[in-house]
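> First residue of the sequence shown: 714, per my numbering; consecutive thereafter. Glycine included, each C-beta is placed from N, C-alpha and C at the ideal position.
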Amino acid sequence: MAYRDPEQLTCPSCAKRAELVWIVGTGPNTQPGEGPAYVQILDAGPWLEQTTDTAPAWHGTLTCPACGATVLTRP
């Protein structure tokens, strides 16, 4: 089962605000208390996405299209 997890992000440089939507999934073998089986970006909104890895969780950088500042990094 998967669910949407919206998150409001704000650019630290120009204060642009927009929503990022994650898709979070739990597998059939996921036990109560365990974390999600996967986390991916469903909709990056206006943010520019540079992905470094996607399995099982998204890793990369989101940058602001207005000023180029880094808004979110998941190494």
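I need the DSSP call for Thr774, collapsed to helix, strand or coil.
Strand.
> Within its chain, find whatever has a CB closer than 7 Å to the CB of Val752; leave out the 5 residues flanking it on each side and keep chain order.
Result list for Val752: Trp735, Val737, Ala770 and Trp771, in chain order.
> Classify Cys780 as buried or exposed, calling it buried when 16 or more other Cβ atoms lie within 10 Å of its own Cβ.
Flag for Cys780 reads exposed.
> Leaving out the 5 sequence neighbours to the left and right, which residues in its chain are closer than 8 Å to Thr743 when beta-carbon positions are compared?
So the qualifying residues of the chain are Pro749 and Ala750.
> Near Asp718, which residues of its chain fall below 6 Å by C-beta distance, leaving aside the five closest residues on each side in sequence?
Around Asp718: Trp735 and Val737.
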